[in-house]
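Residue numbers (the working numbering): 1 to 248. Ideal placement from N, C-alpha and C gives every residue a C-beta, glycine not left out. Since the structure is predicted, the reported quantities are computational estimates derived from the model, not experimental observations. Okay, so here's the structure we're looking at.
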């Protein structure tokens, strides 16, 4: 589905991001796999994945909240003069805290990672895609940005902001042949989702139609669909992958 496409994937080291890289590689995409810090195990993993699927995967390192560092790293990617077909804005952080227990510093930190950094990366990628007059951007939002819950002010609000930005930017970039969509996962079996208490996790499972949490690979397949030409007439949409969660 992605043969000969070139993609940037942030947060590629583990969890959903790692599965996205694997899914893309298995479907023929070449990938700039972005992570925060250099890691020999990560590089070995990416090399083996590339060789197994007959594609190239190039690790790229930068802190997404360091705008100068991120811009430099991504500009170096674009200097390779390869077409940028896909951007997957996957990197993010989770945080749970009640209103009165959430400091302004923590709120700013969550928005810095989950919203401002995502917008900055989209700006850089969009300029390249606008010159090409084609491209696909997929942002990782969350069911937490759609369904409100007590104790998730910072995280939910940051994801809701990115969800709105996805729809807004899709209107700006559509005339350039660029599609902008988002995937909103429910609870997924990753380290990022492990901060929830077991009791809370069980409540979520009990409320869902499928009565389980997602495997990261299932979310990666949703991203692949939106990134691919199979979704050529889909833009400004949020694909909810939450197992049929039932709002209480």
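With a threshold of 7 Å on Cβ separation, who are the neighbours of residue i within its own chain once the five nearest residues in sequence on each side are excluded?
| i | result |
| --- | --- |
| residue 211 | 205 |
| residue 132 | 83 |
| residue 93 | 110, 113, 114 |
Residues in the same chain with beta-carbon distance under 6 Å from residue i, minus the five sequence neighbours each way, listed in chain order, please.
| i | result |
| --- | --- |
| residue 167 | 236 |
| residue 134 | 177 |
| residue 99 | 153 |
| residue 227 | 86, 136, 138 |
| residue 156 | 144, 145 |
| residue 231 | 225 |
| residue 64 | 70, 91, 117 |
| residue 124 | 74 |
Ignore the nearest five residues each way along the sequence and tell me which others in residue i's own chain have a CB closer than 8 Å to its CB.
| i | result |
| --- | --- |
| residue 248 | Reliability of the predicted coordinates at residue 248 is poor, the pLDDT of 42 falling under 50, and no value is obtained from them. |
| residue 255 | One cannot answer for residue 255 here, as it falls past the ends of the chain, which runs 1 to 248. |
| residue 106 | 95, 97, 154 |
| residue 244 | 208, 209, 210 |
| residue 150 | 98 |
When burial is assigned at 16 or more other CB atoms within 10 Å of the CB, is residue i buried or exposed?
| i | result |
| --- | --- |
| residue 91 | buried |
| residue 118 | buried |
| residue 129 | buried |
| residue 148 | exposed |
| residue 13 | buried |
| residue 159 | buried |
| residue 122 | buried |
| residue 171 | exposed |
Tell me which residue opens and which closes the alpha helix (DSSP H) that residue i is part of.
| i | result |
| --- | --- |
| residue 162 | 153-173 |
| residue 207 | 198-207 |
| residue 214 | Here residue 214 belongs to no alpha helix (DSSP H), and DSSP marks it neither H nor E. |
| residue 25 | 15-26 |
| residue 179 | Run containing residue 179: none in the alpha helix (DSSP H); it sits in the beta strand (DSSP E), 178-185. |
| residue 50 | 40-53 |
Relative to the ligand MG, is the shortest distance from any of its heavy atoms to the C-beta of residue i smaller than 7 Å?
| i | result |
| --- | --- |
| residue 189 | Absence of the ligand MG is noted for the structure shown, with no ligands found whatsoever. |
Is there a C-beta anywhere in chain B that falls below 8 Å from the one on residue i?
| i | result |
| --- | --- |
| residue 74 | No chain B is present in this structure, which holds just one protein chain. |
List the endpoints of the continuous beta strand (DSSP E) containing residue i.
| i | result |
| --- | --- |
| residue 239 | 238-241 |
| residue 140 | 135-140 |
| residue 9 | 6-9 |
Cβ contact (3+ pairs, closer than 8 Å) linking the stretch 42-54 and the stretch 62-82: no
Length at least 3, wholly inside the stretch 56-117: the beta strand (DSSP E) runs in chain order: 57-61, 86-89
Inter-stretch contact at 8 Å, needing at least 3 Cβ pairs: the stretch 214-231 / the stretch 15-35: yes
Inter-stretch contact at 8 Å, needing at least 3 Cβ pairs: the stretch 100-117 / the stretch 54-62: no
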